[in-house]
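Below: the structure, in structure tokens.
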Amino acid sequence: MRDRRVEYALTGLGSTLLAAATALGDWATAHRTEIGANRRRYDHAHPPRARA
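The following block contains the structure:
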């Protein structure tokens, strides 16, 4: 039995989004500490509601 293989590639349209997506990822990495602090602050101020 042969291993199945699938190859993926961006379309031309998808490749136009690559720079923006990379920039967003770089931004998130650079600000991960601040993002985490804000998430914790929000979660503390807005606890989940108990289900009835």
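Counting in my numbering, the sequence shown runs from 31 upward without gaps. C-beta: ideal position from N, C-alpha, C; glycine also. If you're wondering where the values come from, they're calculated on a predicted model, not measured in any experiment.
For this session: Please check the pair Leu54 and Leu48, which I expect to be a contact at CB under 8 Å, by giving their CB distance rounded to whole angstroms.
Result: Contact check for Leu54 and Leu48: beta-carbon distance about 11 Å, past the 8 Å limit, so the pair fails to qualify.
Exercise. Enumerated in chain order, which unbroken segments of the alpha helix (DSSP H) with a length of 4 residues or greater are wholly contained in the stretch 31-64?
Worked result: Segments of the alpha helix (DSSP H) lying fully in the stretch 31-64: 42-45, 48-60.
Exercise. Cβ of Ala58 within 8 Å of Cβ of Ile65?
Worked result: yes
Problem set entry | Inter-residue Cα distance where the pair is Pro77 and Glu37 | 43 Å
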